[in-house]
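Following: one structure in structure tokens, then a few remarks.
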Amino acid sequence: MAVLDLAQLSEELQLYQSKTRSWASAQSSRAQDTLQTSRVERQECQSALSCLEQETQHLAQREAQCETRLREQNDETRQLESKLTLGSAQQAASASRLGEQKACLGQDKEILERHRAGVQQWQASQSTVIEALETALSMYRSKLSLQIRRSEERLGELEVIFGDLSREPDSQHWKVGVSIDEQELYQVTSCKPPLDNLSESLDVLNQSKDFSAFVRAVRRQFCRKAET
838 MAVLDLAQLS
848 EELQLYQSKT
858 RSWASAQSSR
868 AQDTLQTSRV
878 ERQECQSALS
888 CLEQETQHLA
898 QREAQCETRL
908 REQNDETRQL
918 ESKLTLGSAQ
928 QAASASRLGE
938 QKACLGQDKE
948 ILERHRAGVQ
958 QWQASQSTVI
968 EALETALSMY
978 RSKLSLQIRR
988 SEERLGELEV
998 IFGDLSREPD
1008 SQHWKVGVSI
1018 DEQELYQVTS
1028 CKPPLDNLSE
1038 SLDVLNQSKD
1048 FSAFVRAVRR
1058 QFCRKAET
């Protein structure tokens, strides 16, 4: 009976030892697994820490870039404000120059208008004088065979043509061209054939303003020339 108890006890002891080894093995395996897991987690933590450090450096770089950009924007703002101030001064100067130019232009327009009015007045007076001359000389046309016309070659010239100074049918007309300048003085612009003492008759005309007397004087000179 005692032998059986020892055998049974031996079996139970072996079973207990087997269970103990199994439990120890299981605990060891779990411990190794836990250790491996801890290593993995540690590596992951180190990796995460490294990533965090990189992100921190990146954020620091971006912060530095933002500060640099902010300084540049502040500089640009100051430059724009300076240019705006300068532009306002230039705009004021331009407005002043424009006002001066407008004033000068207004003065030039007034001078031009006065000049135009003077030219128109002179043209009107010249036309009036020429018309008066034509009227004064019309009475001599039939008696003296005069022909009075405006020159087609010279603007503002009045031609006085004497048609009865030569009895030859094919002889050329004797004529003198007269105009009036801006000082309302008579000027001889043409004379065919030329006369030697025509300037004296012209001086008398400008003093007396008697055009009919001038025509008679020219006719007498032409007659003397035709007789020679």
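Our numbering applies: residue 838 is where the sequence shown begins, and numbers increase by one.
By construction, the Cβ of each residue, glycine as well, lies at the ideal position given by its N, Cα and C atoms.
- prompt: Among Gln894, Leu1002, Leu1022, Arg991, which has the Cα closest to the Cα of Gly1014?
  reply: Arg991
Identity of the residue in Ser1027, Gln1020, His895 nearest Asn1043 by Cα: Gln1020
query: Taking the alpha-carbon positions, what's the Asp1007 to Pro1031 distance?
result: At Asp1007, the pLDDT of 48 sits below 50, so the modelled position is not reliable and the matter cannot be decided from this model.
task: Using DSSP bridges, identify the partner residues of Cys1028.
output: Val1013
query: Using DSSP with H/G/I as helix, E/B as strand and the rest coil, what is Leu983?
result: strand
task: Confirm, please, whether the CB-CB distance from Ser1036 to Gln1067 is below 8 angstroms.
output: Residue 1067 lies beyond the stretch modelled for the chain, which goes from 838 to 1065, so this question has no answer here.
DSSP state of Gln872 mapped onto helix, strand, coil: The amino acid at residue 872 is misidentified as Gln; the sequence shows Leu. The answer is helix: DSSP assigns Leu872 an H, G or I state.
query: So is Arg1056 buried or exposed if we call it buried at 16+ other beta carbons inside 10 Å?
result: buried
message: I'd like to confirm the pairing. Which residues does DSSP put opposite His1023 in its beta bridges?
response: The residue asked about is misnamed: residue 1023 is Tyr in this sequence, not His. Looking at the DSSP assignment, Tyr1023 forms a beta bridge with Ile1017.
- request: Go through its chain and collect everything with a Cβ distance to Glu994's Cβ below 6 angstroms, but skip five positions before and after it.
  value: Ser988, Gly1014, Ser1016, Thr1026
- request: May I ask you to report which of helix, strand or coil DSSP gives Leu995?
  value: strand
- prompt: Is DSSP giving Asp1033 helix, strand or coil here?
  reply: coil
query: If you draw a straight line from the C-alpha of Arg908 to the C-alpha of Gly936, how long is it?
result: 42 angstroms
Where Leu846 sits in the DSSP three-state scheme: helix
Three-state secondary structure assigned by DSSP to Gly943: helix
Supposed contact pair Ala1050 and Leu1002 - C-beta distance, whole angstroms, cut 8 angstroms: Not really, about 18 angstroms apart at Cβ, beyond 8 angstroms.
message: Tell me which residues share the same chain as Arg986 and place their Cβ nearer than 6 angstroms to its Cβ, disregarding the 5 neighbours each side in the sequence.
response: Glu996
query: Under the rule that 16 or more other beta-carbon atoms within 10 Å means buried, what is Val1052, buried or exposed?
result: buried
- prompt: Between Glu849 and Ser887, what straight-line distance do the alpha-carbon atoms span, to the nearest angstrom?
  reply: 55 angstroms
- request: State buried or exposed for Ser847, treating a residue as buried only when at least 16 other CB atoms are found within 10 Å of its CB.
  value: exposed
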